[in-house]
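Q:
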Amino acid sequence: MMKKADIGLIGLAVMGQNLVLNMNDHGFTVAVYNRTVSKVDKFLQAGAKDTNVIGTHSIEELVGVLKKPRRVMLMVKAGAPVDAFIEKLLPHLEPGDIIIDGGNSNFHDTIRRCKAVEAKGLRYVGTGVSGGEEGARHGPSIMPGGSAEAWPYVKDILQSIAAKVDGSPCCDWLGSDGAGHFVKMVHNGIEYGDMQLIGEAYHLLKEVLGLTNDELHSVFKRWDEGKLDSYLIEITSHIFNFKDEDGKPLVDKILDVAGQKGTGRWTAISALDLGAPLTLIAQAVFARDLSSMKDERTHASQVLSGPSITNGRERQTRIEQIRQALYASKIVSYAQGFMLLRMAAAEYSWDIDYGSVALMWRGGCIIRSVFLGEIKAAFDGQPDLTNLLLDDYFKQEVVSAQEAWRRTVVQAVEYGIPVPAMSSALAFYDGYRCQRLPANLLQAQRDYFGAHTYERLDRPRGEFFHTDWSGTGGEVTSTSYNA
Numbered sequence: 001m002m003k004k005a006d007i008g009l010i011g012l013a014v015m016g017q018n019l020v021l022n023m024n025d026h027g028f029t030v031a032v033y034n035r036t037v038s039k040v041d042k043f044l045q046a047g048a049k050d051t052n053v054i055g056t057h058s059i060e061e062l063v064g065v066l067k068k069p070r071r072v073m074l075m076v077k078a079g080a081p082v083d084a085f086i087e088k089l090l091p092h093l094e095p096g097d098i099i100i101d102g103g104n105s106n107f108h109d110t111i112r113r114c115k116a117v118e119a120k121g122l123r124y125v126g127t128g129v130s131g132g133e134e135g136a137r138h139g140p141s142i143m144p145g146g147s148a149e150a151w152p153y154v155k156d157i158l159q160s161i162a163a164k165v166d167g168s169p170c171c172d173w174l175g176s177d178g179a180g181h182f183v184k185m186v187h188n189g190i191e192y193g194d195m196q197l198i199g200e201a202y203h204l205l206k207e208v209l210g211l212t213n214d215e216l217h218s219v220f221k222r223w224d225e226g227k228l229d230s231y232l233i234e235i236t237s238h239i240f241n242f243k244d245e246d247g248k249p250l251v252d253k254i255l256d257v258a259g260q261k262g263t264g265r266w267t268a269i270s271a272l273d274l275g276a277p278l279t280l281i282a283q284a285v286f287a288r289d290l291s292s293m294k295d296e297r298t299h300a301s302q303v304l305s306g307p308s309i310t311n312g313r314e315r316q317t318r319i320e321q322i323r324q325a326l327y328a329s330k331i332v333s334y335a336q337g338f339m340l341l342r343m344a345a346a347e348y349s350w351d352i353d354y355g356s357v358a359l360m361w362r363g364g365c366i367i368r369s370v371f372l373g374e375i376k377a378a379f380d381g382q383p384d385l386t387n388l389l390l391d392d393y394f395k396q397e398v399v400s401a402q403e404a405w406r407r408t409v410v411q412a413v414e415y416g417i418p419v420p421a422m423s424s425a426l427a428f429y430d431g432y433r434c435q436r437l438p439a440n441l442l443q444a445q446r447d448y449f450g451a452h453t454y455e456r457l458d459r460p461r462g463e464f465f466h467t468d469w470s471g472t473g474g475e476v477t478s479t480s481y482n483a
């Protein structure tokens with residue numbers, strides 16, 4: 001009799017293969033299937049040779065070798081392929097069986113799929129997996145959500161293969177239906193923000209201060225030893241040190257057009273839907289969009305003039321100011337990201353433990369950093385913390401850095417260097433700490449032209465008023481506005 005598998009996995013691209021090998025290393029027997037079945041045989045003859053991995057050549061065969069309740073993980077392209085495989089699986093599964101989507105699915109799709117699968121008596125898990133190929137092989141950050149009844153049956157596998165920080169797995173249950181994929185989406189949005197901030201710091205260091213690639217390598221290596229200690233800062237230092245075949249820096253030969261797969265854009269769209277001022281991540285997405293307009297930018301560079309740049313002055317002082325500006329902006333980015341998580345949790349009735357989210361991101365994933373330990377401590381100390389900027393530690397860090405932060409943004413403007421993420425972070429900080437914004441004038445304008453009504457400072461909240469500003473209007477008002 002053939003040995004029964006603990007879990008089945010469909011989709012043998014690099015991420016799928018590495019997760020299978022990771023599971024095998026941790027003592028789990030995995031059955032695999034791929035739409036192009038030749039990949040199954042190649043995998044068994046190469047990466048999975050001399051392992052306990054079981055190869056199958058049909059959905060029916062895959063399901064037939066699984067222990068009950070059956071657990072099937074999909075590692076296929078997000079969108080229609082996920083729906084297609086679910087439809088193929090359903091006729092072969094029984095009530096209580098579990099489908100796990102480990103791809104970068106849109107959380108709205110996960111909410112829909114979870115409801116549909118549960119209606120048939122099965123369980124559904126939508127889980128984000130971050131860390132790239134290396135993380136999948138040796139320990140990723142895993143963010144599961146969906147059918148709560150499924151968690152006891154997948155917990156051991158997912159937490160065993162996840163990255164560990166101080167012995168704790170970077171994986172925990174996040175909530176119902178689309179919670180896991182929403183958290184993964186926000187992770188990716190923050191990743192966009194981190195990368196844009198690092199890019200802006202690089203732009204300033206290179207164009208304003210004239211640092212060479214060797215000097216940039218040294219600066220980022222030094223930054224990685226302090227409060228900015230993170231995977232992205234670490235790999236950035238390596239990139240500046242990498243030489244092409246001719247001995248020249250490879251980074252200088254790479255076309256300045258950034259790609260994107262959509263998760264950052266989804267994060268910005270979700271923020272707009274929920275009314276969350278996620279300004280930095282939105283600017284990071286727009287910056288990638290602007291980078292894609294290479295031909296237009298090349299033409300504009302020959303037509304539109306900017307200020308002249310004289311580099312090299314007060315180098316060490318300016319380098320430190322840029323570091324502090326990067327750090328303060330990073331704090332704002334994460335504050336905005338967790339603000340979005342809190343608003344989504346209220347909207348979709350998810351019971352998210354924000355300290356656990358920070359722990360999940362401390363290891364294995366692309367945004368892993370020492371910094372996340374402070375975020376976990378902040379939420380552990382104040383589970384109902386409304387914004388990270390109000391935590392004593394982060395409040396003091398931003399206050400200490402703000403002079404350098406402001407000076408860096410001002411100097412970027414003076415030299416004509418675009419810093420949309422740093423400047424939007426500073427604008428958010430100033431807006432968030434501003435007791436009275438000019439929105440009173442905006443609301444007066446809305447009432448003037450559209451009778452949208454307004455509230456008054458001298459009356460209780462919730463009472464709405466309309467004024468006939470021009471003397472020619474009527475008494476009819478529009479519905480009250482949404483703040």
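So the sequence shown is residues 1 to 483, counted in our numbering. Ideal placement from N, C-alpha and C gives every residue a C-beta, glycine not left out.
Once the 5 residues before and after K206 are set aside, which same chain residues still bring their CB inside 6 Å of it?
A: Closer than 6 Å at the Cβ level, and outside the excluded window around K206, lies no residue.
Q: Under 8 Å between the Cβ atoms of W405 and Q324?
A: Cβ atoms of W405 and Q324: closer than 8 Å.
Q: Throw me the rounded Cβ distance for the A488 and T56 pair, which I believe falls under 8 Å.
A: No answer is possible for residue 488: the residues shown for the chain start at 1 and end at 483.
Q: Starting from T298 and walking both ways along the alpha helix (DSSP H), at which residues does that stretch end?
A: Unbroken alpha helix (DSSP H) run through T298: 294-303.
Q: My parser needs the alpha helix (DSSP H) runs of 4 or more residues fully inside the stretch 88-123; what are they?
A: Here the runs fully enclosed are 107-119.
Q: I'd like to know whether the C-beta atoms of E200 and N18 end up nearer to each other than 8 Å.
A: Taking 8 Å as the Cβ cut-off, E200 and N18 do not qualify as a contacting pair.
Q: Would you give the residue range spanned by the beta strand (DSSP E) that L9 belongs to?
A: Taken as a continuous stretch (DSSP letters only), the beta strand (DSSP E) holding L9 covers 7-10.
Q: Ignore the nearest five residues each way along the sequence and tell me which others in I281's own chain have a CB closer than 8 Å to its CB.
A: Contacts found: G189, I190, Y192, G193, G264, T267, A268, A271, S333, Q336, G337.
Q: Apart from the five residues just before and just after V257, which ones in its own chain have a Cβ nearer than 6 Å to its Cβ?
A: Counting only Cβ-Cβ distances below 6 Å, and skipping sequence neighbours, we find S291, S292, K294.
Q: My output table needs one value for F28: the three-state DSSP class, helix, strand or coil.
A: Note: F28 maps to coil in three-state DSSP.
Q: Would you say the stretch 402-417 touches the stretch 339-353, given that touching needs at least three Cβ pairs under 8 Å?
A: At 8 Å Cβ cutoff, the stretches do not touch.
Q: Taking DSSP as the reference, what is the three-state secondary structure of R436?
A: It is coil, neither helix nor strand.
Q: Give the list of continuous beta strand (DSSP E) stretches no shorter than 3 residues that lie fully inside the stretch 112-190.
A: Complete beta strand (DSSP E) runs here, min 3: 123-130, 141-146.
Q: Tell me the rounded alpha-carbon separation between G326 and L21.
A: Checking the sequence shown, residue 326 turns out to be Leu, not Gly. Going by the C-alpha atoms only, they are around 38 Å apart.
Q: When the Cβ atoms of the stretch 347-360 are set against those of the stretch 158-175, are three or more pairs found closer than 8 Å?
A: Counting Cβ pairs under 8 Å, three or more are found: they touch.
Q: Identify the continuous alpha helix (DSSP H) that holds M73 and give its terminal residues.
A: Premise fails: M73 lies in the beta strand (DSSP E), 71-74, not in any alpha helix (DSSP H).
Q: Are the Cβ atoms of Y415 and P307 separated by less than 8 Å?
A: The answer is yes: Cβ separation under 8 Å.
Q: So the alpha helix (DSSP H) I367 belongs to, where does it begin and stop?
A: I367 -> no alpha helix (DSSP H), and no H or E assigned at all.
Q: Given a cut-off of 8 Å, decide if L122 and D97 are closer than it, judged by their beta-carbon atoms.
A: For D97 and L122, yes; Cβs fall inside 8 Å.
Q: Roughly how many whole angstroms lie between the Cα atoms of M73 and I367?
A: Approximately 24 Å between the Cα atoms of the pair.
Q: Measuring only the C-alpha atoms, how far is R113 from V125?
A: Near 9 Å, if we compare the C-alpha coordinates of V125 and R113.
Q: Can you look up L457 in the DSSP assignment and give me helix, strand or coil?
A: Coil, per DSSP.
Q: Should the stretch 3-14 be regarded as contacting the stretch 40-54, the criterion being three or more beta carbon pairs within less than 8 Å?
A: Short answer: they touch.
Q: Do C434 and G131 have their C-beta atoms within less than 8 Å of each other?
A: In this structure, G131 does not lie closer than 8 Å to C434 by Cβ.
Q: Hey, how far is the Cα of G462 from the Cα of D351?
A: The straight-line gap from Cα to Cα measures roughly 28 Å.
Q: Taking the straight line between their C-alpha atoms, what separation do you get for R315 and S218?
A: For R315 and S218, the distance between alpha carbons rounds to 14 Å.
Q: Mind checking whether P140 and A163 have CB atoms under 8 Å apart?
A: Going by C-beta atoms, P140 is nearer than 8 Å to A163.
Q: Under a three-way DSSP split, which group does I233 fall into?
A: Looking at I233 - three-state DSSP - the assignment turns out to be helix.
Q: Use the C-beta contact count for R71: other C-beta atoms within 10 angstroms, 16 or more gives buried, fewer gives exposed.
A: Classification for R71: buried.
Q: Find out if the Cβ-Cβ distance for the pair R446, H452 is shorter than 8 Å.
A: Going by C-beta atoms, R446 is nearer than 8 Å to H452.
Q: Can you tell me the Cβ-Cβ gap for Q196 and A328, rounded? I've got them flagged as a contact below 8 Å.
A: So it is not a contact: roughly 15 Å between Cβ atoms.
Q: From the DSSP output, read off the bridge partner residues of P249.
A: Answer by DSSP bridge pairing, in chain order: K243.
Q: Run through the stretch 378-453 for me and flag every whole alpha helix (DSSP H) of 4 or more residues, listed as ranges in chain order.
A: Fully enclosed alpha helix (DSSP H) runs of 4 or longer: 392-415, 420-432, 439-450.
Q: Could you tell me the boundaries of the alpha helix (DSSP H) in which F220 lies?
A: Per DSSP, F220 belongs to the alpha helix (DSSP H) from 213-223.
Q: So, helix, strand or coil for I86, using DSSP?
A: Three-state result, I86: helix.
Q: Under 6 Å Cβ to Cβ from W151, same chain only, skipping five residues before and after it: list those, please.
A: The residues are W173.
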